[in-house]
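**Q** Read top to bottom, the protein sequences are chains A and B. Taking this note's numbering, the leading residue of the first sequence gets 23, the next gets one more, and so forth. Taking this note's numbering, the leading residue of the second sequence gets 2, the next gets one more, and so forth.
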Amino acid sequence: GDSVTQMEGPVTLSEEAFLTINCTYTATGYPSLFWYVQYPGEGLQLLLKATKADDKGSNKGFEATYRKETTSFHLEKGSVQVSDSAVYFCALSPGGYSTLTFGKGTMLLVSP
Amino acid sequence: KAGVTQTPRYLIKTRGQQVTLSCSPISGHRSVSWYQQTPGQGLQFLFEYFSETQRNKGNFPGRFSGRQFSNSRSEMNVSTLELGDSALYLCASSPIGDSYNEQFFGPGTRLTVL
């Protein structure tokens, strides 16, 4: 079945550092790929998405590129802020469906 | 537009009891999905409803059930509660059209089983 693997955290960075959170997936066909973010005590918010190979999703300074050849969708940000501290989830949905398969989540802690 | 709302936000139950959780999707959204979030298993898909029909189901026992009403509001029910059912239950709604696979999540219902 479909699965998503992302790097374990926590990832601890200083403000203005470069962020990479790795995500790889296993799926049949052509899934859509997503990054969601969860702040403490809240539900998940869609951060960005990509629906086909070589698409780049971007939002609030975060970017991720759909790499079919390496089955990856790594999240990057050039300069993190303290307010970016949260748990980040990589997810996929099969073509034609909205059901999400999530990775385990990566906690990001940014210090001033 | 108002976001996805879930009630109640917190619940405490004892083993063997049953519980009903409620979800109101974003206006105009017809698909509602439910997920269970636990520290050990992460986020797991329970089921999805579209136009009052269950369209997809995850790998959970029959104690977990749901339904959707004509106004797209959804409820999920867990019968004969077990300690392992303690979790954050998240509801998400999706629009129709090109963004059908974008899910918008509510704040969740925190269920504690004692």
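Ideal Cβ positions, reconstructed from N, Cα and C, are used throughout, including at glycine.
Within 10 angstroms of the Cβ of A:E91, are there 16 or more other Cβ atoms? Answer buried if so, exposed if not.
**A** It counts as exposed.
**Q** Classify B:G107 as helix, strand or coil using the three-state DSSP reduction.
**A** It is coil, neither helix nor strand.
**Q** Given B:M77, which residues of its chain have a CB within under 6 Å of its CB, disregarding the five upstream and five downstream residues?
**A** If we look at B:M77 and ignore the five residues flanking it on each side, its Cβ neighbours are L22, W35 and G67.
**Q** So what's B:S73 in DSSP terms, helix, strand or just coil?
**A** Three-state result, B:S73: coil.
**Q** Are the C-beta atoms of A:G65 and some chain B residue less than 7 Å apart?
**A** It does; some Cβ of chain B falls within 7 Å.
**Q** In its own chain, which residues sit with a C-beta less than 7 Å from the C-beta of A:T123, not counting the 5 before and 5 after it?
**A** Hits under 7 Å: D24, S25, V26, A113 and L114.
**Q** I'd like to know if A:F84 contacts chain B, where contact means its C-beta is closer than 7 Å to some C-beta of that chain.
**A** It does not: the Cβ of A:F84 has no partner Cβ on chain B nearer than 7 Å.
**Q** Which residue from A:P134, A:G127 and A:K74 puts its Cα closest to that of A:Q28?
**A** The residue with the shortest Cα to Cα distance from A:Q28 is A:G127.
**Q** What is the residue span of the beta strand (DSSP E) that B:T39 lies within?
**A** Counting along the chain, the beta strand (DSSP E) containing B:T39 begins and ends at S32 to T39.
**Q** Chain B partners of A:Y110, CB-CB under 8 Å?
**A** Ordered by position in chain B, no residue passes the 8 Å Cβ test against A:Y110, which lies about 12 Å from the chain.
**Q** By how many angstroms is the C-alpha of B:S52 removed from the C-alpha of A:Y58?
**A** So the two alpha carbons sit approximately 26 Å from each other.
**Q** So that I know if they touch, is there some Cβ in chain B lying closer than 7 Å to that of A:T121?
**A** Cβ-Cβ to chain B under 7 Å: yes for A:T121.
**Q** Classify B:V5 as helix, strand or coil using the three-state DSSP reduction.
**A** Coil at B:V5, not helix or strand.
**Q** With distances taken between CB atoms, is the gap from B:I13 to B:T81 smaller than 7 Å?
**A** Contact flag unset, no.
**Q** Can you tell me where the beta strand (DSSP E) holding A:M129 begins and where it ends?
**A** Its beta strand (DSSP E) spans residues T128 to S133.
**Q** Does any CB atom of chain A fall closer than 7 Å to the CB of B:T53?
**A** Residue 53 of chain B is actually Glu in this sequence, not Thr. So no, B:E53 is outside the interface.
**Q** If you compare alpha carbons, which of A:Q60, A:V104, A:Y47 and A:P116 is closest to B:L91?
**A** Minimum Cα distance to B:L91 is reached at A:Q60.
**Q** Identify the contact partners of A:S115 in chain B, using a Cβ-Cβ distance below 7 Å as the criterion.
**A** Those are N102, listed as they occur along chain B.
**Q** Check this for me: beta carbons of A:L215 and A:S107, under 7 Å apart or not?
**A** The question about residue 215 of chain A has no answer, for chain A in this structure spans 23 to 134.
**Q** For A:V132, is the classification buried or exposed, using 16 other Cβ atoms within 10 angstroms of its Cβ as the cut-off for buried?
**A** With 16 or more other Cβ atoms within 10 Å, it is buried.
**Q** Among B:D99, B:Q19 and B:K2, which residue has its Cα nearest to the Cα of B:P26?
**A** The residue with the shortest Cα to Cα distance from B:P26 is B:K2.
**Q** Ignore the nearest five residues each way along the sequence and tell me which others in A:Q67's own chain have a CB closer than 6 Å to its CB.
**A** Correct list, in chain order: V59.
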